[in-house]
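*Asks:* Below you'll find the structure I mean.
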């Protein structure tokens, strides 16, 4: 395998695909559109899961598990939702294979084992969950119901890209039920905030919180709240969504509760999810032409220690010293790997960990032992520094925080440079075509204009930002009046 | 919902089904044979996962994720494995739904969207994983490959029972590749040990470690190691299996490596798994006619505190005290719930937590406040004790350990009482029919005898125990010579 990556400036898309494979994150599988998440990539997902799960539980949610399959009759109950996903559903029609009489040693679907009702492999679980909630909710005392599920889902995709768009992906989906509209709206907002906090504090990926336009809304929702990030190539990435579902699913599945006042009412709902797509966002926010760059808070290995030695004796002396650091660093909760394999040279190890985005590398050789020093290199800036062994634990601990902050700051600066306010359609087209990034522009609020802009520029409305200022203006396309700017971009 | 459970002595199976539903662990779903794991049941699974995952990582394994679907042509590559699972495979044949022209508002499978090759929903992942390993393994330096996956799998079942046998279940499956036969054999043994340790130390469920007879072996394995537990009704439960796969999958998928000596060799393999079935085993090992009994190490709530009060003022005074305990108990890593809901009376709360198997209940009322005491009740023995508030944290902390030990001891004693050595077939039939439990008997080692015994008594060979003594004897059925006793039982 060649160690050199295509450069981002030459072909961003190729750079991404190569990076994902070479850094051992994921690869395509024998199943069309489905990926294998390799151990190193999965370890990043596990770190993401751990933090998100903690945040969900701190906000009162519990995990549960619902079936992988949705009977077709349930799937079609909420019509808009069904229509939105029908075209990308994997469908189970049979429950048995048998020996193929025409091909000895081969199997075929047993025609006798056809299901009476087809089963849809869940593309999302609203239908099966709301059908279940019907049995769980009778009274206001059963509300709110605050449940999350970690699961795999399948949406048949024709054009796939590792992490960003795959036919099967891993995600979490929260599904909550509430007694009042206000409560459900607040829940949807709360989860948008949780996602934004996670993206910024852990992924070091700045996001814009906003609401989707009608045409970009989740099928079956009243409102879709989103967090939108900006990738290095100037394209936006929808990184997480939180939906206020109104009473649509409660009505489709007839889920009512008796209020304190003794009245029968339909409950109010939300759903919200983030997926392994976040790993794609993480990669495209921080990585460089040398490979992956990981924020320390999500890095499976935060510090790697590479010994530089000529013989067994030197390695032994170095190891003795290193084992002390390892112990102390781990005591501080820092994840450390001491790579003392004799099957690879230091240079090859350096290159491998650079490619894999390990935030801090410590090298220690014979001269370091004599001088009581180590060499500390940071992945984000490539800076190297000689550090006294006595101070190495404190130094590394601070450095990890500094790297986390630096990555976030760099990403914030990049986004600022690549967000352009635009007041006429010529500029709009020019910026979208030549500069990319977010374009903040006035929009008249109609789907017609939105469609037309998309057709002409491939840019879509990423969101109407929560913090958009009230400002009198005219739509960049139609010239009609508008009260705030929305964010446009080409998107993944 | 009636609070009373069927008694175990009256109908064990009915007791089990009621308990699972009433204790809020799981329920049947709208999908035939698939269950919904409710938050309380899922929290037990999360605790199991956390411990197992830690043990897997401590033994050098990493997690990864492989596709849900297996193309039919890969599935059939290892013939024995394929044959073993073919009859219970859910098969995806189409990738799209469309509006049904005959039924407005309804969907149907789009006949144009038929897959060229059918996809099997994984019943186990050897096929897809070994097809992937082919690309990962070239040299001895790539070995051993020690990977685990947490996933859902589907095996179409006609007769299902919550947790014990469901069409979809959650599990972990380890898949390892090794350079030598010896290493693979040792890995399979190591994982059997890990499972046994987990079962005994965390689930407080004693298990017999042994090896399966030929007819009970995993399809495609050379040897299946098992841990077998004994349920309260005298039936055995296979609680976890670890397979030495020889080179069967390496040959089926042509996975070779270059050895240190430069030779091309097929790799050696293991696979091993435990599933949500363990929750069924947990229930049937400890629970009683009043409901669930949970070992403290896996209980989602270890201690519940119920205030007994007449008015707001009393509740406030009690809460002030309780909040101190809660804080201190949590500091010790103990999971505590303070149930101060005013929508339920103390008696109802007591009954609910008894049903849910919370190991320790603390009640505190006005008189306790005056006396500086609390009432501590343990779920396993129903014993109650008045404890000084100053000592409550230490008392509870010790009590949790004591309950964990007591449950294990009770289960060990039960198994000892229900393991019978038998030397002739009349006694064998009598014990299996009237007493149940494990029967240790000599067996001539033939499948013929095994089948005949099963036919006549419904008992199967659970395992040939690892620690079976060499002992000259004659087969309980055929009278042929035998060198050790094996364990028979009726089984789940």
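Chains as they are written, first to last, in the numbering used here: chain A, 1 to 492; chain B, 1001 to 1492. Ideal Cβ placement from N, Cα and C applies to all residues, glycine included.
(1) Can you tell which of A:159, A:223, A:168 has its C-alpha closest to the C-alpha of residue 464 (chain A)?
(2) Starting from residue 1286 (chain B), follow the beta strand (DSSP E) in both directions and report where the run begins and ends.
(3) Suppose the cutoff is 8 Å on Cβ atoms and the five residues either side in sequence are ignored; what does the same chain contact list for residue 431 (chain A) look like?
(4) With the cut-off set at 7 Å, would you say residue 1070 (chain B) and residue 1128 (chain B) are in Cβ contact?
(5) Taking Cβ-Cβ distances shorter than 8 Å, what residues in chain A pair up with residue 1171 (chain B)?
(6) Determine the direct distance from the alpha carbon of residue 352 (chain A) to that of residue 1043 (chain B), and round the result to whole angstroms.
(7) Could you compute how far the alpha carbon of residue 1354 (chain B) sits from the alpha carbon of residue 1387 (chain B)?
(8) Using a Cβ cut-off of 7 Å (strictly closer), state whether residue 283 (chain A) contacts chain B.
(9) For the segment 1171–1182 of chain B and the segment 1384–1403 of chain B, state whether three or more C-beta atom pairs, one from each stretch, are separated by less than 8 Å.
(10) Could you tell me which chain B residues have their CB closer than 7 Å to the CB of residue 119 (chain A), listed as they occur along the chain?
(11) Taking 8 Å as the threshold, find out whether the segment 1281–1300 of chain B comes into contact with the segment 1008–1022 of chain B through three or more Cβ pairs.
(12) Which residues of the segment 11–37 of chain A have a Cβ closer than 7 Å to any Cβ of chain B? Give them in chain order.
(13) Among A:89, A:269, A:34, which has the Cα closest to the Cα of residue 1114 (chain B)?
(14) Can you tell me the Cα-Cα spacing of residue 1142 (chain B) and residue 24 (chain A), whole angstroms?
(15) Taking contact to mean 3 or more Cβ pairs, one atom from each stretch, closer than 8 Å, check whether the segment 1178–1191 of chain B and the segment 1267–1285 of chain B are in contact.
(16) Check whether the Cβ atoms of residue 199 (chain A) and residue 239 (chain A) sit closer than 7 Å, and answer yes or no.
(17) Does the separation of the CB atoms of residue 1196 (chain B) and residue 1407 (chain B) fall below 7 Å?
(18) Ignore the nearest five residues each way along the sequence and tell me which others in residue 27 (chain A)'s own chain have a CB closer than 6 Å to its CB.
(19) Where do the N-terminal and C-terminal ends of the beta strand (DSSP E) with residue 35 (chain A) fall, by residue?
(20) Can you look up residue 169 (chain A) in the DSSP assignment and give me helix, strand or coil?
(21) Taking just the CA atoms, how far does residue 375 (chain A) sit from residue 325 (chain A)?
(22) Under 7 Å, CB to CB, which of the residues in the segment 1044–1067 of chain B have a partner in chain A?
(23) Residues of chain A with CB closer than 7 Å to the CB of residue 1131 (chain B), please, in chain order.
(24) In whole angstroms, what separates the C-alpha of residue 48 (chain A) from that of residue 298 (chain A)?
(25) Exposed or buried, which one is residue 1344 (chain B) when buried takes at least 16 other CB atoms within 10 Å?
(26) Give every residue of the same chain whose Cβ lies closer than 8 Å to the Cβ of residue 392 (chain A), excluding the five residues on either side of it in the sequence, and list them in chain order.
(27) Check whether the Cβ atoms of residue 296 (chain A) and residue 400 (chain A) sit closer than 7 Å, and answer yes or no.
(28) Give me the residue from A:309, A:315, A:318, A:304 with the minimum Cα distance to residue 330 (chain A).
(29) Per the DSSP calculation, residue 1360 (chain B) is bridged to which residue(s)?
(30) Below 7 Å between beta carbons: does that hold for residue 1220 (chain B) and residue 1080 (chain B)?
(31) Using a Cβ-Cβ cutoff of 8 Å, what residues of the segment 1132–1164 of chain B are near chain A? List them in chain order.
(32) What separation, rounded to the nearest whole angstrom, lies between the Cα atoms of residue 348 (chain A) and residue 414 (chain A)?
(33) Mind pulling the beta strand (DSSP E) runs of 3 or more residues that sit fully within the segment 168–198 of chain A?
(34) Please return the same chain residues whose Cβ sits closer than 8 Å to the Cβ of residue 1321 (chain B), not counting the five positions on each side in sequence.
(35) Assign residue 144 (chain A) to buried or exposed, taking buried as 16 or more other Cβ atoms, counted over all protein chains shown, within 10 Å of its Cβ.
(36) Does DSSP put residue 1065 (chain B) in a helix, in a strand, or in coil?
*Replies:* Looking at the atomic coordinates:
(1) What you label residue 464 (chain A) is simply residue 464 of the first chain in a count that begins at 1. Closest option to residue 464 (chain A), judged by alpha-carbon separation, among A:159, A:223, A:168: A:223.
(2) In the second chain, residue 1286 (chain B) corresponds to position 286, counting from 1. Careful: residue 1286 (chain B) lies outside any beta strand (DSSP E), inside the alpha helix (DSSP H) at 1277–1286.
(3) Locating residue 431 (chain A) in the first chain gives position 431, where the first residue counts as 1. Excluding positions up to five away in sequence, the list reads 420, 422, 437, 439.
(4) The residue labelled residue 1070 (chain B) in the question sits at position 70 within the second chain. The residue labelled residue 1128 (chain B) in the question sits at position 128 within the second chain. Going by beta carbons, residue 1070 (chain B) and residue 1128 (chain B) fall inside the 7 Å limit.
(5) The count along the second chain starts at 1 and reaches residue 1171 (chain B) at position 171. Think of a sphere of 8 Å around the beta carbon of residue 1171 (chain B): no beta carbon from chain A falls inside it, the nearest being about 12 Å out.
(6) Residue numbering aside, residue 1043 (chain B) sits at position 43 when the second chain is read from its first letter. Residue numbering aside, residue 352 (chain A) sits at position 352 when the first chain is read from its first letter. Here the alpha carbon of residue 1043 (chain B) sits roughly 39 Å from the alpha carbon of residue 352 (chain A).
(7) Stepping through the second chain from its first residue, residue 1354 (chain B) is reached at position 354. Stepping through the second chain from its first residue, residue 1387 (chain B) is reached at position 387. Going by the C-alpha atoms only, they are around 20 Å apart.
(8) For this step, residue 283 (chain A) is matched to residue 283 along the first chain. Chain B contact via Cβ: absent.
(9) The segment 1171–1182 of chain B, when compared against the segment 1384–1403 of chain B, does not touch it at the 8 Å Cβ threshold.
(10) Here residue 119 (chain A) corresponds to residue number 119 of the first chain, with the count starting at 1. Here the neighbours are 1031.
(11) The answer is yes - the segment 1008–1022 of chain B touches the segment 1281–1300 of chain B, with three or more Cβ pairs under 8 Å.
(12) Within the segment 11–37 of chain A, the qualifying residues are 29, 30, 31, 34, 36, 37.
(13) Taking the first residue of the second chain as 1, we reach residue 1114 (chain B) at position 114. Taking only the C-alpha atoms, the option nearest residue 1114 (chain B) is A:89.
(14) Here residue 1142 (chain B) is taken as the residue at index 142 of the second chain, counted from 1. Here residue 24 (chain A) is taken as the residue at index 24 of the first chain, counted from 1. Cα to Cα, residue 1142 (chain B) sits roughly 13 Å from residue 24 (chain A).
(15) With the cut-off at 8 Å, the segment 1178–1191 of chain B and the segment 1267–1285 of chain B touch.
(16) Here residue 199 (chain A) corresponds to residue number 199 of the first chain, with the count starting at 1. Here residue 239 (chain A) corresponds to residue number 239 of the first chain, with the count starting at 1. Yes, they are a contact pair.
(17) Here residue 1196 (chain B) corresponds to residue number 196 of the second chain, with the count starting at 1. Here residue 1407 (chain B) corresponds to residue number 407 of the second chain, with the count starting at 1. Contact check for residue 1196 (chain B) against residue 1407 (chain B) fails: the beta carbons are separated by 7 Å or more.
(18) Position 27 of the first chain, counted from the first residue, corresponds to residue 27 (chain A). For residue 27 (chain A), where only same-chain residues beyond five positions count, the Cβ hits under 6 Å are 21, 36.
(19) To locate residue 35 (chain A), count along the first chain from 1; it is residue 35. It spans 35–37 - the beta strand (DSSP E) in which residue 35 (chain A) sits, taken as one unbroken run.
(20) One-based indexing of the first chain puts residue 169 (chain A) at position 169. Assigned with DSSP and collapsed to three states, residue 169 (chain A) falls in strand.
(21) On the first chain, position 325 is the one that residue 325 (chain A) refers to. On the first chain, position 375 is the one that residue 375 (chain A) refers to. Going by C-alpha positions, residue 325 (chain A) is about 13 Å away from residue 375 (chain A).
(22) If the cut-off is 7 Å between Cβ atoms, the segment 1044–1067 of chain B has 1046, 1062, 1063, 1064, 1065, 1066, 1067 near chain A.
(23) Along the second chain, read from residue 1 onward, the residue named residue 1131 (chain B) stands at position 131. Result: 30.
(24) What you label residue 48 (chain A) is simply residue 48 of the first chain in a count that begins at 1. What you label residue 298 (chain A) is simply residue 298 of the first chain in a count that begins at 1. Rounded to whole angstroms, residue 48 (chain A) and residue 298 (chain A) show a C-alpha spacing of 7 Å.
(25) The residue labelled residue 1344 (chain B) in the question sits at position 344 within the second chain. When all chains shown are included, residue 1344 (chain B) counts as exposed.
(26) Residue mapping note: residue 392 (chain A) aligns to position 392 of the first chain, counting from 1. Excluding sequence neighbours, residue 392 (chain A) sits near 325, 362, 374, 376.
(27) Against the first chain, residue 296 (chain A) aligns to sequence position 296. Against the first chain, residue 400 (chain A) aligns to sequence position 400. Yes.
(28) On the first chain, residue 330 (chain A) is found 330 positions in, with the first residue counted as 1. In terms of CA proximity to residue 330 (chain A), A:304 leads the group A:309, A:315, A:318, A:304.
(29) Reading the second chain from its first residue, position 360 is the one you call residue 1360 (chain B). According to DSSP, which records beta bridges pairwise, residue 1360 (chain B) is partnered with B:1303, B:1378.
(30) Counted from its first residue, the second chain places residue 1220 (chain B) at position 220. Counted from its first residue, the second chain places residue 1080 (chain B) at position 80. Yes, they are a contact pair.
(31) Listed in chain order, the positions of the segment 1132–1164 of chain B with a beta carbon within less than 8 Å of a beta carbon of chain A are 1132, 1135, 1141, 1147, 1151, 1152, 1154, 1156.
(32) Residue numbering aside, residue 348 (chain A) sits at position 348 when the first chain is read from its first letter. Residue numbering aside, residue 414 (chain A) sits at position 414 when the first chain is read from its first letter. Their backbone Cα atoms lie some 32 Å apart in a straight line.
(33) With a minimum length of 3 residues, the continuous beta strand (DSSP E) runs that stay inside the segment 168–198 of chain A are 168–178.
(34) Counted from its first residue, the second chain places residue 1321 (chain B) at position 321. So the list reads 1364, 1369, 1389, once near-sequence residues are dropped.
(35) Here residue 144 (chain A) corresponds to residue number 144 of the first chain, with the count starting at 1. The residue in question, residue 144 (chain A), is buried, as its Cβ has 16 or more Cβ neighbours within 10 Å.
(36) Taking the second chain and counting its residues from 1, one reaches residue 1065 (chain B) at position 65. Residue 1065 (chain B): strand per DSSP, three-state reduction.
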